[in-house]
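2 protein chains.
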Amino acid sequence: MALPNYDVLLRSVARLLRAGAADNLLKLLQRQHPVDVAYIFRHLADRDRRTAFDLLAGRDRRLAMEGLSELDPETGASLLTYRAPEEVARLLGELPADDAAPLIKHLPEGFSDQVRELIRQKKEVGSLLEHADRTAGRIMNPNIFALPETATAGEAVAALQRSAGLEMVFYLYIIDDERHLVGVTSLRRLLLVPPDTPLRQFMATEVIRAHADMDQEDAARLVASYNLLAIPVVDDQNKLVGTITVDDVIDVIKDETTEDIQKLGGLEALDEPYTQTPFWTLVKKRGRWLVVLFLGEMLTATAMGYFEEEIARAVVLALFVPLVISSGGNSGSQAASLMIRAFAVGEVTVPDWWRVMRRELLAGAALGALLGTIGLLRVTLWQQFFGTYGTHWVLVGLTVTLSLIGVVLWGTVAGSMLPFVMKRIGADPATSSAPFVATLVDVTGLVIYFSVAALVMRGTLL
Amino acid sequence: MALPNYDVLLRSVARLLRAGAADNLLKLLQRQHPVDVAYIFRHLADRDRRTAFDLLAGRDRRLAMEGLSELDPETGASLLTYRAPEEVARLLGELPADDAAPLIKHLPEGFSDQVRELIRQKKEVGSLLEHADRTAGRIMNPNIFALPETATAGEAVAALQRSAGLEMVFYLYIIDDERHLVGVTSLRRLLLVPPDTPLRQFMATEVIRAHADMDQEDAARLVASYNLLAIPVVDDQNKLVGTITVDDVIDVIKDETTEDIQKLGGLEALDEPYTQTPFWTLVKKRGRWLVVLFLGEMLTATAMGYFEEEIARAVVLALFVPLVISSGGNSGSQAASLMIRAFAVGEVTVPDWWRVMRRELLAGAALGALLGTIGLLRVTLWQQFFGTYGTHWVLVGLTVTLSLIGVVLWGTVAGSMLPFVMKRIGADPATSSAPFVATLVDVTGLVIYFSVAALVMRGTLL
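Line order of the protein sequences matches chains U and E.
For the first sequence, the residue numbers in the working numbering are 23 to 484.
For the second sequence, the residue numbers in the working numbering are 23 to 484.
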């Protein structure tokens with residue numbers, strides 16, 4: 023296997039660092055894939071990381087920066103700040119623009135302006151930062167390999183041979199005199215036609231493309247669903263401004279998933295990895311939603327207050343409150359997760375709500391009946407063995423069973439419909455998190471439970 | 023934009039179908055990308071779908087099958103079952119093996135054996151099905167473009183030009199006499215060296231590879247983290263048996279995410295899209311977890327039973343039960359989601375537990391103090407305005423505040439540690455779903471709440 027034994031690797035690096043064996047360390051690092059160099063950087067202590075990076079940056083600038091670009095941008099930027107702006111600009115010049123942009127963004131403010139200015143004099147990283155966050159324009163690579171439609175296949179191959187500096191060339195985009203995107207062809211195709219054929223003659227003119235101001239998630243979805251390796255990015259005038267490659271798409275998919283899962287857990291998306299998020303940011307992003315949910319949940323205390331007399335008369339009612347309302351919350355959480363994911367993969371859209379509703383009504387009824395039966399069994403068994411619920415245990419059992427059916431049914435329907443409501447009002451369906459649904463269902467669940475109790479127990483216990 | 027207006031497109035197709043205008047319909051379909059043909063298939067009624075597919079299968083077998091392969095395999099297979107096994111084998115021959123395998127799997131049993139036998143006589147789809155589900159071997163494409171190390175760059179280009187039938191060629195894998203994987207090179211590189219250079223001289227020998235019996239998720243992770251377009255798959259003897267391309271990797275990432283989100287919502291992973299899952303499967307996959315959670319949650323009734331006398335004496339205690347325990351559940355759900363995702367992206371591993379624990383202890387204390395303060399405020403305000411909580415309202419407020427701090431702290435720690443426990447015992451961290459954590463925290467939350475109450479109210483209300 024070509025994959026290194028990471029433990030052994032890290033230990034060797036640490037040993038060479040301690041011994042100050044710069045040449046051997048350099049040789050060891052140069053044998054590694056950039057991703058593994060990043061792994062080494064990530065797992066070294068701060069001081070050792072700087073030593074290793076400095077060594078590499080002096081001797082093998084390209085590898086140093088390739089390793090650095092795989093780190094999170096904050097750590098990466100911290101390794102650059104001790105240098106002169108000119109050298110940082112030179113180092114960043116080794117990276118494709120879309121990898122350099124986040125590093126520049128994380129440099130200290132005045133410093134990053136200086137570096138940006140130096141780079142702008144030579145390259146186009148600056149233009150990336152002109153696009154809004156989370157757009158296709160922000161994640162695209164502005165160094166495009168494009169040729170005029172009048173070029174021939176042979177000329178294209180020659181141009182390709184000269185272009186060794188470019189990240190990855192998957193498709194050859196073809197433009198007219200004014201940089202409008204007019205066609206595309208693949209490297210394979212170039213090899214299949216006689217060298218003197220003009221590109222115009224065999225290029226495909228139906229090009230799937232992304233707009234620079236498109237949401238990055240939509241651009242990623244295009245690449246994924248059309249099985250592309252890259253997608254060209256155009257501006258309002260259909261002029262080619264960049265490309266997004268499939269490796270960036272995978273990163274977008276991962277980031278968006280992280281965001282969805284965090285929202286689903288009932289907190290704001292962190293934007294940065296958990297371990298990199300400052301403590302107070304972490305507390306703030308969780309606290310805000312916790313408070314909102316807490317304020318909502320306060321209605322349970324109000325609802326319970328209305329039934330205070332009933333509880334005083336039949337304390338047994340209070341015993342089942344957590345069981346009944348949590349069953350509603352759990353079934354709601356299931357339904358909401360199903361719908362949120364179905365929205366995310368484009369399996370359902372808002373007009374499907376009625377079809378989903380019918381299905382979930384039936385599912386909710388079935389699940390409610392299931393839990394209701396178990397609830398009844400529980401009350402009956404405890405009564406037989408311990409006499410827990412007194413002479414009116416049948417009424418207690420009936421109340422628990424009927425409320426469970428009602429609450430689970432309601433939880434299922436509310437949980438499945440909330441993502442539709444969110445989508446309809448323009449919010450992210452993932453906002454209808456498990457805790458959000460549970461809070462909603464808790465309050466209504468209490469009302470259902472005590473109403474059923476009032477109905478069943480009137481004249482006896484109540 | 024090259025993206026079609028889907029509404030217009032579907033209406034045109036429907037109109038042509040109704041008019042029986044086969045030639046025009048064929049022309050329209052042939053202008054579409056296979057992904058859009060699949061879109062059309064997906065949105066037609068069953069009968070129309072068959073008509074459209076039959077038309078296309080008769081005239082443009084390749085496009086018909088490319089469109090079909092983008093559908094879910096069940097629907098796709100249903101379009102094939104009305105044909106002779108020989109014709110189905112011929113149609114499936116248009117697809118790369120990894121796209122054909124799921125279709126074959128979904129054919130009726132006897133029929134699929136016949137088709138498989140017919141295909142095996144010519145091709146290698148059969149071998150895919152020999153690998154276990156969810157392994158690299160199962161999702162790989164067994165039609166590999168590989169050349170011996172003695173071939174020259176010029177011969178490789180020529181071989182490439184002849185290989186038009188292969189799905190996508192990204193890298194050229196190089197093998198020795200016994201099919202052992204010995205090197206790799208890129209198409210670009212082939213163009214850069216003189217045509218008579220042997221591959222052996224310029225190939226890279228450090229090849230990142232996947233084992234056929236490796237978990238598909240691990241293989242996907244290799245492709246994603248090394249920014250590869252494809253990864254070669256080898257058997258135990260390091261013999262090349264297939265490749266996994268980046269488009270399959272994106273599918274794996276999507277499927278695994280769906281599974282994580284469904285587990286996070288407290289149900290078993292569905293395996294199939296929500297809309298394709300039969301009703302009773304849906305109920306079963308949700309019901310099983312709901313019952314487990316319900317049985318766990320029953321302990322709340324038991325716990326409440328222990329405090330029945332306290333509740334009878336101070337009914338006001340019951341009013342805050344849902345508020346207090348749900349706050350624990352919500353903070354636990356937040357912490358669990360954060361950890362589950364951190365595990366999924368490889369950001370934390372089991373040995374990090376203590377570092378996370380320290381951080382979450384502090385976060386839990388801060389969040390508990392926040393909610394506790396709001397809780398105290400609520401009791402004070404309601405008391406001032408409505409006199410809700412009687413003469414001992416200070417004790418009520420103190421009980422609520424202290425329990426909130428305790429319960430939120432406990433919820434945060436339990437929620438963050440449960441994924442570590444799961445991972446440690448070899449289970450999927452995503453199993454520690456929001457409902458699971460909430461159930462765990464509900465029971466202990468009640469104990470915390472009533473213990474605090476006993477402490478604070480002894481001699482007065484209790």
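The beta-carbon is built from N, C-alpha and C at its ideal position, and this holds for glycine as well.
Note that the structure is a prediction, hence the values are computed from the model and not measured.
Reduced DSSP category for residue i - H, G, I as helix; E, B as strand; rest coil
i	result
H128 of chain U	coil
I253 of chain E	strand
H233 of chain E	strand
H202 of chain U	strand
A241 of chain U	helix
Y248 of chain U	coil
I166 of chain U	coil
E189 of chain E	Its pLDDT being 47, under 50, E189 of chain E is placed unreliably in this model, and the value from its coordinates should be taken loosely. If DSSP states are grouped into helix, strand and coil, E189 of chain E belongs with coil.
S455 of chain U	coil
Residue i, buried or exposed, once every other Cβ within 10 Å from all chains shown has been counted against 16
i	result
W10 of chain E	No information on residue 10 of chain E is available, as it lies outside the stretch 23 to 484 that chain E covers here.
Y195 of chain E	buried
E120 of chain E	A quick correction: the sequence has Asp, not Glu, at residue 120 of chain E. Buried, because 16 or more other Cβ atoms sit within 10 Å of the Cβ of D120 of chain E.
D258 of chain U	exposed
E189 of chain U	Because E189 of chain U sits at a pLDDT of 47, beneath the cut-off of 50, its placement in the model cannot be relied upon, and the following sentence gives the value as read from the coordinates. Classification of E189 of chain U: buried, given that the 10 Å Cβ count is 16 or more.
F407 of chain U	exposed
I161 of chain E	buried
Q183 of chain E	exposed
P300 of chain U	exposed
D45 of chain U	exposed
V372 of chain E	exposed
K445 of chain U	buried
A325 of chain E	buried
K307 of chain U	buried
A449 of chain E	exposed
G187 of chain E	Legend: pLDDT at G187 of chain E = 48, less than 50; position of this residue unreliable, value from coordinates given subsequently. G187 of chain E comes out exposed.
D199 of chain U	exposed
Identity of the residue in the options nearest residue i by Cα
i	options	result
T174 of chain E	E:G132, E:S134, E:M225 and E:E200	E:M225
V435 of chain E	E:A449, E:A357, E:A476 and E:L392	E:A357
Q136 of chain U	U:I166, U:S455, U:S438 and U:T103	U:T103
K285 of chain E	U:V346, U:N352 and U:R160	U:N352
L426 of chain E	E:P441, E:V401, E:T97 and E:L93	E:V401
G481 of chain E	E:A323, E:A336 and E:G409	E:A336
M379 of chain U	E:Y296, E:V443 and E:K307	E:Y296
D155 of chain U	U:I253, U:V274 and U:V59	U:V274
I62 of chain U	U:L431, U:D269 and U:V30	U:V30
P36 of chain E	E:T280, E:P56 and E:R71	At residue 36 of chain E the sequence reads Ala, which differs from the Pro that was named. Residue E:R71 is the option with its Cα nearest to A36 of chain E.
V153 of chain E	E:D240, E:M236 and E:L383	A small correction: the amino acid at residue 153 of chain E is His; Val does not occupy that position in the sequence shown. Comparing Cα-Cα distances from H153 of chain E to each of E:D240, E:M236 and E:L383, the minimum goes to E:M236.
Check whether residue i and residue j have beta carbons under 8 Å apart
i	j	result
V255 of chain E	V263 of chain E	yes
L125 of chain U	P95 of chain U	yes
F75 of chain E	L85 of chain E	no
V422 of chain U	F342 of chain U	yes
G350 of chain U	G433 of chain U	yes
L78 of chain U	L113 of chain U	no
E171 of chain E	V204 of chain E	yes
A234 of chain E	I253 of chain E	no
A122 of chain U	I266 of chain U	no
I347 of chain E	V429 of chain E	yes
P457 of chain E	P441 of chain E	no
L399 of chain E	L312 of chain U	no
M479 of chain E	L424 of chain E	no
R69 of chain U	I283 of chain E	no
Within-8 Å CB hit, residue i to chain C
i	result
G394 of chain E	This model lacks chain C altogether, as its protein chains are U and E.
> Going along the region 274-302 of chain E in order, which residues come within less than 8 Å of chain U, judged by CB to CB distance?
Replying inline: For the region 274-302 of chain E, which is checked against every Cβ of chain U, the residues closer than 8 Å are I275, K276, T279, T280, D282, I283, Q284, L286, G287, G288, L289, L292, P295, Y296, T297 and F301.
> Closer than 7 Å, Cβ to any Cβ of chain U: which residues of the region 309-323 of chain E, in chain order?
Replying inline: Considering only beta carbons, the part of the region 309-323 of chain E lying closer than 7 Å to chain U consists of G309, L312, V313, L315, F316, E319, M320, T322 and A323, in chain order.
>> Closer than 9 Å between beta carbons: that is the criterion. Which residues of the region 350-371 of chain E meet it against chain U?
In response: Those would be G351, N352, S353, S355, Q356, A357, A358, S359, L360, M361, I362, R363, A364, A366, V367, E369 and V370, in chain order.
> Taking Cβ-Cβ distances below 7 Å as the criterion, which residues of the region 206-217 of chain E are in contact with chain U?
Replying inline: Taking 7 Å as the Cβ-Cβ cut-off against chain U, the residues of the region 206-217 of chain E that qualify are L209, R210, L213 and L214.
> Got a sec: which bits of the region 63-87 of chain U sit with their beta carbon under 7 Å from any beta carbon on chain E, in order along the chain?
Replying inline: For the region 63-87 of chain U, the set of residues with a beta-carbon nearer than 7 Å to any beta-carbon of chain E is empty.
> Which residues, taken in chain order from the region 236-253 of chain E, show a beta carbon closer than 7 Å to some beta carbon of chain U?
Replying inline: Residues of the region 236-253 of chain E with a C-beta atom less than 7 Å from some C-beta of chain U are A246, S247, Y248, N249 and L251, listed in chain order.
> Listed in chain order, which residues of the region 324-341 of chain E have Cβ atoms closer than 8 Å to some Cβ of chain U?
Replying inline: Only M326, G327, E330, I333, A334, V337, V338, A340 and L341 from the region 324-341 of chain E bring a Cβ to less than 8 Å from some Cβ of chain U.
> Using Cβ-Cβ distances below 8 Å, what residues of the region 252-272 of chain U are close to chain E?
Replying inline: For the region 252-272 of chain U, the beta-carbon criterion of a distance under 8 Å to any beta-carbon of chain E is satisfied by V268, D269, V271 and I272.
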